[in-house]
Amino acid sequence: MSPLIYLQGYPDTLLRQVQTLIDQQRLSEVLAKRYPDMHSVTSDKALYDYTLALKNRYLRNAPPLNKVIYDSKIRVMKYALGLHTAVSQVQGGKLKARAEIRVATLFRQAPEAFLRMIVVHELAHIKEKDHSKAFYQLCCYMEPEYHQLEFDTRLWLTHQALQGNAG
88 MSPLIYLQGY PDTLLRQVQT LIDQQRLSEV LAKRYPDMHS VTSDKALYDY TLALKNRYLR
148 NAPPLNKVIY DSKIRVMKYA LGLHTAVSQV QGGKLKARAE IRVATLFRQA PEAFLRMIVV
208 HELAHIKEKD HSKAFYQLCC YMEPEYHQLE FDTRLWLTHQ ALQGNAG
């Protein structure tokens, strides 16, 4: 398996630059310099509060979040970093949808910016179900550096995989 599996679809020139960093064993150094701040959002309660604060700031009129948790069953190797689901339940003769966000447990030990990118991505799915232009506009509204953070998160995942830490 290629060590650049998380970077599929990026231009060859960029992939060569990443491969050079890997070959020179400098990828970790570059990431640590750019993202020195880890986060303290390690419990499900803290993750819920973190996510709710972002939702209340940018998506006040969106449906409420019923659950936000770290999920060890999300396998990053299957290309999922987080999941947004709407669980339908019958309650008092009515059908109600419960919005849930699950974040891969690997992000408990990630830089704060990467956790924020994942949460923003999953929050955007509350309003926009597909990865459309409107979806990415909403992501950039909530996090202006969204695209750079997504790329750097993929770099970090590549580094984690090379260290044997990605699931």
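In terms of the numbering used here, the sequence shown opens at residue 88 and continues consecutively.
From the three backbone atoms N, C-alpha and C, an ideal C-beta is built for every residue, glycine too.
Please read these numbers as outputs of a predicted model, since none were measured by experiment.
query, result
"Nearest candidate by alpha-carbon position, reference ALA197, set TYR137, LEU244, PRO98 and TYR97", "LEU244"
"First through last residue of the alpha helix (DSSP H) which encompasses TYR93", "Careful: TYR93 lies outside any alpha helix (DSSP H) and carries neither H nor E."
"Under 8 angstroms between C-beta atoms of HIS126 and LEU202", "yes"
"From GLU199, GLU215, GLN250 and ASN252, residue whose alpha carbon lies closest to that of GLU237", "GLU199"
"Secondary structure of ARG241, DSSP reduced to three states", "helix"
"First through last residue of the beta strand (DSSP E) which encompasses ILE156", "152-158"
"Burial state of TYR228, where buried means 16 or more other Cβ atoms lie within 10 Å", "exposed"
"4 or more residues per run - each alpha helix (DSSP H) lying fully within the region 188-234", "199-214 and 220-229"
"Opening and closing residue of the alpha helix (DSSP H) in which ARG147 lies", "It is not in any alpha helix (DSSP H) - ARG147 carries neither H nor E in the DSSP assignment."
"Neighbour-count burial assignment, THR100, 16 or more Cβ in a 10 Å radius", "exposed"
"For LEU152, the nearest candidate out of SER159, ASP136 and LYS160 (CA to CA)", "ASP136"
"Member of LEU249, GLN106 and MET204 whose CA lies at the smallest distance from the CA of GLU230", "MET204"
"DSSP state of ARG103 mapped onto helix, strand, coil", "helix"
"For LEU146 and LYS214, believed in contact at Cβ under 8 angstroms, the rounded distance", "7 angstroms"
"Cβ distance (whole Å) where LEU114 is taken to contact LEU108 below 8 angstroms", "4 angstroms"
"Classification of ASN252 by the beta-carbon crowding that lies within 10 angstroms, buried from 16 upward", "exposed"
"ARG241 burial status per 10 Å Cβ neighbour count (16 or more: buried)", "buried"
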